[in-house]
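Everything in the sequence shown is counted per my numbering, starting at 12 for the first residue and increasing by one. Glycine is no exception: its CB is placed at the ideal position from the N, C-alpha and C atoms. Heads up, the thing below is written out as structure tokens.
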Amino acid sequence: MPLTARPRRKRSVRIIVTLLCGLLPVLLGTGILYMQAERTLQQSTQHTAEEALRQFELMLDNTAQAASDLLPLAGQPCDSVKLALREQVTRRPFVRSTNLVWDDNLYCSSLFGEFKETVNPGDYAQGKLWLMNGNPVTPNTALVVYRLSDGRGGVLTTLDGYHLSNVLRLIGRDTLLLLQVADNWLSADGKVHQGALPALPVAQSMLASSRYAFSVSAGFPQGETWRYMANEYPPLFSLLIFFGVVSGAIGHVLQRRSTSPSHEMLRALEAGEFIPYFQPVVHGDSKKWSGAEVLMRWNHPKEGLVRPDLFIPFAEHSGLIVPMTRSLMQQTAALLGPLSSGFDKPFHIGVNITASHCQDLQLVDDCREFLAAFAPASINLVLELTERELIEPTDITHQLFEQLHTLGVMIAIDDFGTGHSSLGYLRTFNVDFLKIDQSFVAMIGIDALSRHILDTIIELSAKLDLGIVAEGVETQAQADYLTAHHVNFLQGYLFGKPMPGTDFIDALSHH
């Protein structure tokens, strides 16, 4: 091979490797987003089907109650009971007509008075429900008939399909929603179809009523997953492209045998080297463990545990703190979630967030996924706002905090009294806790000015009806002082140092 061809070949290989490094995170990220979109759509159809089922059961409860009220009148002359039939139609919002039956013959109707028509019980699913494509009064208009019988007598109450198709349209406006009774099914356009229910291509959810003989099916048309991703994930696609570029650049740099902090942190994140450590939080009065603050540690394969102050600021500056926090929450959920059913009281779990977490609403999904890993009402998730970067009070930020509170997530201001934005946060955001910075706790009994500031913070939290956590408690004298001033929670080396998950779980069994 000519000598001039070798550098050319090496350059070609470097370009190919760089392109592959750039495409890999984009393809993997797209795959993950696709699975997330499928999961979101599945949750949407499940919720839609559940809501539709609930609405249909409420309507049928209405018609069933009318039938139950009229059943004792079956067999009586039509002239003496037709006013009672019409009264039920007037009183019940979803009842279109009522009819009395004797010996399987319809003999009295709220619409026509005396009437004669044979009733075939076999037309009714489980002898109770029939989805019809209209009747002589309103042909080609959906109608659901509810049948109630006792011996020779019976009642038929009808539910107008207009109400049913309204539910299908309004609840399922973003989905395909169908109602099935036996071999007939109703679509949102109000038409009744016969035969098997059609398969819905994307995220189909089917639910059957436990009280009435019907079921609902919700889903999306073909290609909805990609349409959803295109509508909801443009920023994430941009982020994927960004990571693709970063990955390609890192691949190119690695081939030149040079390293950079961003490469190393990305490598560590992918390798799962950022792990949770847990520092106990105790009740101020009883000193019993009430929870823990989740702290991030970097378990480097060569350097061992890296001090947080060496990598956290860079992670915040680069934006990597967001996926790192997400990974931390996922690991915490995997460790503590299986134990949550044994918690006597809601377990306090504190997680630090920064301004980077408040730029979109992804944190809401992260918290929702985190809470889903625990037994209901077994934990109190507290997000602690650090003040190294200013959190701007934008519409997105207010919407984020509002949705977090709706989930039951609480907000704390970390290191209160040391950052330039503490009082601004109190005025702008709806917070639940203040965390007293350890610098004030350390001055208890030493510095009078710091003690006065500490007392002021405690008094302020009481006036604002906020919980308060004191961190950095290292001596019994500090703990006694804080307890005497009714501080809710204490945290510090006096009660326990940050420890790995397995050690914390082992220690938790003794507290």
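Cβ neighbour criterion (16 or more within 10 Å) applied to residue i
{"i": "Phe322", "result": "buried"}
{"i": "Thr417", "result": "exposed"}
{"i": "Leu415", "result": "buried"}
{"i": "Thr270", "result": "Here Thr270 scores only 46 on pLDDT, less than 50, and its place in the model should not be relied on; the value that follows carries that caveat. So Thr270 counts as exposed."}
{"i": "Arg268", "result": "Residue confidence is low: Arg268 scores 49 on pLDDT, short of 50, so the model does not pin down where it sits. No coordinate-derived value is stated."}
{"i": "Ala326", "result": "buried"}
{"i": "Ala224", "result": "buried"}
{"i": "Ser23", "result": "exposed"}
{"i": "Leu96", "result": "buried"}
{"i": "Pro349", "result": "exposed"}
{"i": "Tyr504", "result": "exposed"}
{"i": "Gly162", "result": "exposed"}
{"i": "Leu242", "result": "The residue asked about is misnamed: residue 242 is Asn in this sequence, not Leu. Result: exposed."}
{"i": "Phe515", "result": "buried"}
{"i": "Leu207", "result": "For the sequence presented, residue 207 should be read as Ala rather than Leu. Exposed, by the Cβ-count rule."}
{"i": "Ala60", "result": "buried"}
{"i": "Ala344", "result": "buried"}
{"i": "Gly419", "result": "exposed"}
{"i": "Asp425", "result": "buried"}
{"i": "Ser258", "result": "buried"}
{"i": "Ser91", "result": "exposed"}
{"i": "Ile26", "result": "exposed"}
{"i": "Gly124", "result": "exposed"}
{"i": "Thr29", "result": "buried"}
Candidates the options: closest to residue i by CA position
{"i": "Phe248", "options": "Ile457, Leu142, Ile468 and Gly42", "result": "Gly42"}
{"i": "Pro150", "options": "Asn177, Lys202 and Trp196", "result": "Lys202"}
{"i": "Gln99", "options": "Gly164, Leu82, Ala63 and Thr397", "result": "Leu82"}
{"i": "Lys446", "options": "Leu493, Phe325, His409 and Ala488", "result": "Leu493"}
{"i": "Val166", "options": "Ala199, Ala77, Pro212 and Asp134", "result": "Ala77"}
{"i": "Asn195", "options": "Met143, Gln66, Met217 and Ala60", "result": "Met143"}
{"i": "Asp448", "options": "Ile360, Pro209, Ala481 and Thr439", "result": "Ala481"}
{"i": "Tyr288", "options": "Val317, Glu281 and Lys298", "result": "Val317"}
{"i": "Arg102", "options": "Val92, Glu128, Thr74 and Asp171", "result": "Thr74"}
{"i": "Pro232", "options": "Pro212, Ser216 and Arg222", "result": "Pro212"}
{"i": "Lys298", "options": "His174, His497, Gly164 and Asp72", "result": "His497"}
{"i": "Ser79", "options": "Ser367, Gln205 and Leu111", "result": "Leu111"}
{"i": "Val227", "options": "Ala199, Tyr244 and Asn242", "result": "Ala199"}
{"i": "Gln341", "options": "Asp185, Glu128 and Cys378", "result": "Cys378"}
Cβ distance (whole Å) where residue i is taken to contact residue j below 8 Å
{"i": "Leu523", "j": "Gly512", "result": "No statement about residue 523 is possible, as the shown extent of the chain runs from 12 to 522 and does not include it."}
{"i": "Ile261", "j": "Leu250", "result": "Not a contact, Cβ separation roughly 16 Å."}
{"i": "Pro357", "j": "Asn310", "result": "Contact doesn't hold; Cβ gap of about 30 Å is too wide."}
{"i": "Pro132", "j": "Asp115", "result": "7 Å"}
{"i": "Gly230", "j": "Thr56", "result": "6 Å"}
{"i": "Leu197", "j": "Leu189", "result": "7 Å"}
{"i": "Tyr45", "j": "Thr236", "result": "6 Å"}
{"i": "Val156", "j": "Thr169", "result": "5 Å"}
{"i": "Leu52", "j": "Tyr239", "result": "6 Å"}
{"i": "Leu154", "j": "Asp171", "result": "7 Å"}
{"i": "His359", "j": "Val393", "result": "6 Å"}
{"i": "Phe427", "j": "Ser389", "result": "Actually they are not in contact, since the Cβ atoms of Phe427 and Ser389 sit about 27 Å apart, beyond 8 Å."}
Beta carbon of residue i nearer than 9 Å to that of residue j
{"i": "Gly255", "j": "Leu501", "result": "no"}
{"i": "Phe285", "j": "Leu339", "result": "yes"}
{"i": "Leu140", "j": "Val192", "result": "yes"}
{"i": "Ser108", "j": "Leu94", "result": "no"}
{"i": "Trp113", "j": "Gly86", "result": "yes"}
{"i": "Ala495", "j": "Gly456", "result": "no"}
{"i": "Ala518", "j": "Pro291", "result": "yes"}
{"i": "Pro319", "j": "Arg308", "result": "yes"}
{"i": "Glu395", "j": "Asn441", "result": "no"}
{"i": "Glu49", "j": "Ala214", "result": "yes"}
{"i": "Ala423", "j": "Phe451", "result": "no"}
{"i": "Ile252", "j": "Val37", "result": "yes"}
{"i": "Phe385", "j": "Ser329", "result": "no"}
{"i": "Met335", "j": "Leu374", "result": "no"}
{"i": "Met70", "j": "Leu218", "result": "no"}
{"i": "Thr220", "j": "Leu64", "result": "In the sequence as presented, Thr is not what sits at residue 220; that position holds Ser. Yes, Cβ-Cβ distance for Ser220 and Leu64 is below 9 Å."}
{"i": "Tyr173", "j": "Thr152", "result": "yes"}
{"i": "Met361", "j": "Ala453", "result": "At residue 361 the sequence reads Gly, which differs from the Met that was named. No; because the gap between Cβ atoms is not below 9 Å, this pair is not in contact."}
{"i": "Thr397", "j": "Thr439", "result": "no"}
{"i": "Gly483", "j": "Asn499", "result": "no"}
{"i": "Leu437", "j": "Leu475", "result": "yes"}
{"i": "Leu306", "j": "Pro509", "result": "yes"}
Original post:
Going along the chain, which unbroken runs of the alpha helix (DSSP H) with 4 or more residues stay wholly within the segment 452-506?
Top reply: Taken in chain order, the whole alpha helix (DSSP H) runs of length 4 or more contained in the segment 452-506 are 459-474 and 487-495.
Original post:
Going along the chain, which unbroken runs of the alpha helix (DSSP H) with 4 or more residues stay wholly within the segment 134-193?
Top reply: For the alpha helix (DSSP H) assignment, the uninterrupted runs of no fewer than 4 residues enclosed by the segment 134-193 are, from N- to C-terminal side, 172-182.
**OP:** Output the residue ranges of the alpha helix (DSSP H) runs that lie fully inside the segment 203-276 and measure 4 residues or longer, sorted by chain position.
**Re:** Entirely contained in the segment 203-276, the alpha helix (DSSP H) runs reaching 4 residues are, in chain order, 235-243 and 245-266.
**OP:** Pick out the complete alpha helix (DSSP H) segments inside the segment 362-397, 4 residues or longer, and give them in chain order.
**Re:** List check, alpha helix (DSSP H) in window: 373-383.
Original post:
Which runs of the alpha helix (DSSP H), 4 residues or longer, sit entirely within the segment 322-362?
Top reply: Complete alpha helix (DSSP H) runs here, min 4: 332-347.
Subject >> Runs of alpha helix (DSSP H) wholly within the segment 60-133 (minimum 4 residues, chain order) >> reply: Runs of alpha helix (DSSP H) with 4 or more residues, each lying fully within the segment 60-133, are found at 89-102, listed in chain order.
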